[in-house]
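Residue numbers for the sequence shown follow this note's numbering, beginning at 38 and rising by one.
C-beta: ideal position from N, C-alpha, C; glycine also.
Comments concern the structure below.
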Amino acid sequence: MFRSTDLSQRISLLAVGVPCLAPAAWRILQKGFSEPVGLLSDAGLGLLVFLAAAVSPRRLRLFPLLLWTLFQAGAQELFAALHRLPVREDIAYLFDPTFMKNSTVGLTLNHPYFTAFILLSAVLAAAFPVPRPRPGYLRKGLAAAIALLVLQGFLSRHYDEAGIAARFNPLHWFIADAVAATFHPGAKPVPAADLPPGLRQLDLQGSPLLPDKGKAKNVLIVTLEGITGLYHPEIREAMAVPPGPLEMSGLAGGTADAMLIPDFVTHSHQTIRGLYSILCGDFSKLSFETPKAFELQENQSRARECLPARMAENGWSTHFLQGAGLSFMGKDMVMPTIGFQEVHGEEWFTAPDRSPFVWGVNDPDFFRGAREYIAELQTADRPWMLTLLTVGTHQPYAAPDDLAAGYPSRKLATVAILDEAVAGFITGLRQDGVLEDTLVLITSDESHGAELADWVSSWGIGILLAPEQELLPRLKPGTYGLVDITASILDYLGLEPSPGVIGRSFFRDYPSPREMVAYTAGKLRWHTSGNIRYECTRNGECRTGPSPSLIGFPTTELKPDKGKQAEKLFAMAATLDHKLTGQNRSHQLRFASGEVRRLPEKIASEWTDNLAGAQYLDFPANSTVHVSIRVRALQTPDTGVRLKLSLRQFEQLVLDIPFPQFPVLHAGEEGKVEFDFSNPESRQAFSFHLVGEGKNGEIRLDEFNVTVNTAGG
Numbered sequence: 038m039f040r041s042t043d044l045s046q047r048i049s050l051l052a053v054g055v056p057c058l059a060p061a062a063w064r065i066l067q068k069g070f071s072e073p074v075g076l077l078s079d080a081g082l083g084l085l086v087f088l089a090a091a092v093s094p095r096r097l098r099l100f101p102l103l104l105w106t107l108f109q110a111g112a113q114e115l116f117a118a119l120h121r122l123p124v125r126e127d128i129a130y131l132f133d134p135t136f137m138k139n140s141t142v143g144l145t146l147n148h149p150y151f152t153a154f155i156l157l158s159a160v161l162a163a164a165f166p167v168p169r170p171r172p173g174y175l176r177k178g179l180a181a182a183i184a185l186l187v188l189q190g191f192l193s194r195h196y197d198e199a200g201i202a203a204r205f206n207p208l209h210w211f212i213a214d215a216v217a218a219t220f221h222p223g224a225k226p227v228p229a230a231d232l233p234p235g236l237r238q239l240d241l242q243g244s245p246l247l248p249d250k251g252k253a254k255n256v257l258i259v260t261l262e263g264i265t266g267l268y269h270p271e272i273r274e275a276m277a278v279p280p281g282p283l284e285m286s287g288l289a290g291g292t293a294d295a296m297l298i299p300d301f302v303t304h305s306h307q308t309i310r311g312l313y314s315i316l317c318g319d320f321s322k323l324s325f326e327t328p329k330a331f332e333l334q335e336n337q338s339r340a341r342e343c344l345p346a347r348m349a350e351n352g353w354s355t356h357f358l359q360g361a362g363l364s365f366m367g368k369d370m371v372m373p374t375i376g377f378q379e380v381h382g383e384e385w386f387t388a389p390d391r392s393p394f395v396w397g398v399n400d401p402d403f404f405r406g407a408r409e410y411i412a413e414l415q416t417a418d419r420p421w422m423l424t425l426l427t428v429g430t431h432q433p434y435a436a437p438d439d440l441a442a443g444y445p446s447r448k449l450a451t452v453a454i455l456d457e458a459v460a461g462f463i464t465g466l467r468q469d470g471v472l473e474d475t476l477v478l479i480t481s482d483e484s485h486g487a488e489l490a491d492w493v494s495s496w497g498i499g500i501l502l503a504p505e506q507e508l509l510p511r512l513k514p515g516t517y518g519l520v521d522i523t524a525s526i527l528d529y530l531g532l533e534p535s536p537g538v539i540g541r542s543f544f545r546d547y548p549s550p551r552e553m554v555a556y557t558a559g560k561l562r563w564h565t566s567g568n569i570r571y572e573c574t575r576n577g578e579c580r581t582g583p584s585p586s587l588i589g590f591p592t593t594e595l596k597p598d599k600g601k602q603a604e605k606l607f608a609m610a611a612t613l614d615h616k617l618t619g620q621n622r623s624h625q626l627r628f629a630s631g632e633v634r635r636l637p638e639k640i641a642s643e644w645t646d647n648l649a650g651a652q653y654l655d656f657p658a659n660s661t662v663h664v665s666i667r668v669r670a671l672q673t674p675d676t677g678v679r680l681k682l683s684l685r686q687f688e689q690l691v692l693d694i695p696f697p698q699f700p701v702l703h704a705g706e707e708g709k710v711e712f713d714f715s716n717p718e719s720r721q722a723f724s725f726h727l728v729g730e731g732k733n734g735e736i737r738l739d740e741f742n743v744t745v746n747t748a749g750g
């Protein structure tokens, strides 16, 4: 028999071990023992956390346990949303309380029981008095943890055909990826002339499907947040992929006469990056660096080559309408820069919201409003171009609880809601006669992936409705992607493509394969014109093999790359990433030009109340940054309005950069803040949060410039 003190000590140690080994238990519950390499990672990391908690004083023990459990819970939510594990750049989301609050509003978690259990067990474990393990036990525990992780590393390299999530605990992958990004120097870009032609040139050499330019006078681009081709039954079958957990039968039925593009690639995560590819005929960055959409502000000649600008130049009225607010990620600045004459977000929808959603307008209400918007456009004499962007399928997902209960996950419930809404929208356009003279492209900004395989995170959706549908095939052969949309629409309309636009046209047949690239789910994905596929991680390891596409199941199982092509592929990716800035990395980013903003009576959060979209910027090493902000108060209470600026990196407050704050402003007064700071080392995911408050307050944001200068620039 154990003495009562021995028993209580064992119970205390067991209590500490529960949250540490919960991820391993969760993996077994979800996957059984089919992911042994991942179990080694869970157990090894969990044992290290257990040892750290066991040796910590009681008052500090909660810190390592909460850090561990919060990361595991956040990573599970990220994986449920995008089917990828977190990397260093995601810390901006995982540890930002406002984003997490908005993303989990109403406690609409994908794994609420896991989250509640692991957090509660961590709190309870901190309450037990735990005896400090003797040094001998600590040495044995540390040796066991190291042995588990060494074995995991060995097996992970030899069985890397399994996905990252199957081989790594989220924190283990986060650390491994961060180490690789830190200690593997960035690839030196190759000369642009050394890129394969398909990555640097427009290709309109294919055989045209139409005898002349298209008949449609209007263009409608419907961008569905995060939707993958897996949801469309005919597209899925064409890619030889088994059925998923849900099919968008409404969308399929509403587009029964459309041209489908099964092999359709999204190039990255994040909406602003996908929109850049769609509207500017270029690859979004194959990294987490500052989005190219922001760099267009310093490259006005390239901005004028984007699709909206080209169409506006040739007589079309150009419009952008989204369900979310415009200021986040600077779409209120980017969209006018690339040629949209009218840009609207959540504020345009004035009808009562039938199902309020934290990020914006739910999809049924959005499409009802979009139909009204198009009806108004139809009354004008000018042809029009309209781009729509939904938001309902963004975490935490716009689905009522009673409806969500009928689906495997809340995400799938919102996909079903979107399916019904977009199907009704298409039916309405038919009834209104819009499709008679309008080219309609239904696509997605990114893919939120699926458990089927990690390449699904690069699988978008491409559906075309055109007046001359009888001349177009039902299934369009060949590999295409978001990069091809601008070239295709210009080709259809008979407009001369601009020099900076690359890609192929949906309205032509090509006899040969092509190069295609993407960076999703932590991997650089590359498909060559020789039908060879590469999947590479930042630690320099690649798997490769023959495959007809960048997505879909490869012809044979991908094998470790003996040719060591990772450095070359990442070097070419770096060239593609920096094509707008070239060797001169000095540039100015503008986030305001006279926009009027209404202020809340009280600041609720720096995220939702942010007045400018200056978020997630990258500054190179040995650079200096000059910030200039100018604001005029238009309407204020008697006490004036208060503006507050804060700087964040990876969403953590930056305290080592001094800068002045705004004075209290009264109506008619102007406030200006200017400051400089240097970057001895590179800074990533750097954000400026400008918020303000004042009852009935209204300000005009005249200037918000961030000028980056490098020593060599």
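Residues in its own chain within less than 6 Å of N716 by CB, not counting five upstream and five downstream?
Result list for N716: F656 and S660, in chain order.
Can you find the residues in the same chain that come closer than 6 Å, C-beta to C-beta, to V371, ignoring five residues on each side of it along the sequence?
So the list reads A330, once near-sequence residues are dropped.
Return the chain-ordered ranges of every alpha helix (DSSP H) run that is complete within the region 330 to 410 and spans a minimum of 4 residues.
The qualifying runs are 337 to 340, 344 to 350 and 368 to 374.
Using the C-alpha atoms, what's the distance from V124 back to W210?
Roughly 7 Å between the two C-alpha positions.
Which same chain residues, not among the five before or five after L453, have their C-beta less than 7 Å away from its C-beta?
Sequence check: residue 453 is Ala here, not Leu. Answer for A453: L283 and Y444, listed in chain order.
Could you tell me how far apart the beta carbons of T557 and S481 are, in whole angstroms, since I believe they sit closer than 8 Å?
The Cβ separation is near 12 Å, so there is no contact.
Counting only the same chain and skipping the five closest in sequence on each side, list residues whose C-beta sits under 7 Å from that of T612.
Counting only Cβ-Cβ distances below 7 Å, and skipping sequence neighbours, we find P226, V227, A229 and L232.
Whose C-beta lies closer than 7 Å to the C-beta of S392 among residues of the same chain, with five residues either side of it excluded?
These residues qualify, in order along the chain: N399, A435 and P437.
State whether the region 350 to 362 contacts the region 408 to 422, with contact taken as three or more CB pairs (one from each stretch) at a distance under 8 Å.
Touching, per the Cβ criterion.
Which one or two residues does DSSP pair with W492 in a beta bridge?
For W492, which the question treats as bridged, DSSP gives no partner whatsoever.
Return the bridge partner residues of Y529 from the DSSP annotation.
Y529 pairs with nothing; no bridge assigned.
I'd like the span of the alpha helix (DSSP H) that includes V216, first residue to last.
V216 -> alpha helix (DSSP H) spans P207 to F220.
What do you reckon, are the CB atoms on R551 and W492 nearer than 8 Å?
Going by C-beta atoms, R551 is not nearer than 8 Å to W492.
Taking the beta carbon of H269 as the centre, do at least 16 other beta carbons fall within 10 Å, making it buried, or is it exposed?
Classification for H269: buried.
So what's S665 in DSSP terms, helix, strand or just coil?
Three-state DSSP puts S665 in a strand.
Taking only the alpha-carbon atoms, compute the straight-line gap between D521 and T387 and give it to the nearest angstrom.
C-alpha separation (whole angstroms): 35 Å.
According to DSSP, which residues form a beta bridge with N255?
N255 pairs with T475.
Mind checking which residues open and close the alpha helix (DSSP H) that includes Q113?
Note, Q113: alpha helix (DSSP H), R95 to L119.
For S535, I'd like the list of residues in its chain whose CB is within less than 6 Å of its CB, leaving aside the five on either flank, ordered along the chain.
Answer for S535: E342, listed in chain order.
So for L501, helix, strand or coil by DSSP?
If DSSP states are grouped into helix, strand and coil, L501 belongs with the strands.
Measuring only the C-alpha atoms, how far is T753 from L51?
Residue 753 falls outside the range modelled here, since the chain spans only 38 to 750, and no answer is possible.
Is the beta carbon of A112 sitting closer than 8 Å to the one on L122?
Their beta carbons are under 8 Å apart, which means A112 touches L122 by this criterion.
Contact between the region 183 to 198 and the region 70 to 82 is defined here as three or more beta-carbon pairs at a separation below 8 Å; is this criterion met?
Output reads yes: the region 70 to 82 touches the region 183 to 198.
Let me confirm a value: Q67 is counted as buried when at least 16 other C-beta atoms fall within 10 Å, else exposed. Which label applies?
When all chains shown are included, Q67 counts as exposed.
When you compare only the Cα positions, how much space is there between R720 and A118?
Taking the straight line from one Cα to the other gives about 27 Å.
Could you check the C-alpha separation between A555 and G497 for me, to the nearest Å?
Roughly 11 Å between the two C-alpha positions.
From the DSSP output, read off the bridge partner residues of Y547.
Paired residue(s): none; Y547 is not in a bridge.
Take E383 as the anchor and find which of G362, I526 and H624 has the nearest alpha-carbon.
That would be G362, whose Cα lies nearest to the Cα of E383.
P134: buried (16+ other C-beta within 10 angstroms of its C-beta) or exposed?
Caution is warranted here: a pLDDT of 49 is assigned to P134, below 50, making its placement in the model unreliable, and the coordinate value is therefore given only provisionally. Exposed, because fewer than 16 other Cβ atoms sit within 10 Å of the Cβ of P134.
Counting only beta-carbon atoms, is L99 nearer than 8 Å to chain C?
Looking at the structure shown, chain C is missing, and only one protein chain is on hand.
Looking only at its chain, what residues have a beta carbon closer than 7 Å to the beta carbon of A349, apart from the 5 residues adjacent to it on each side?
Correct list, in chain order: T355, G376 and Q378.
Taking P328 as the reference, which of T676, K681 and Q652 has the closest Cα?
P328 has its Cα closest to that of Q652, out of T676, K681 and Q652.
Inspect the beta-carbon positions of D300 and R575 and report whether they are closer than 8 Å.
No.
What residues in its chain sit with their C-beta under 7 Å from that of C579, if we drop five residues either side in the sequence?
Only Y571, E572, C573, D598, Q602 and A603 meet the Cβ criterion.
For R511, count neighbouring C-beta atoms within 10 Å of its own C-beta (all shown protein chains included) and say buried if the count is 16 or more, exposed if not.
Classification for R511: exposed.
Does DSSP classify R125 as helix, strand or coil?
If DSSP states are grouped into helix, strand and coil, R125 belongs with the helices.
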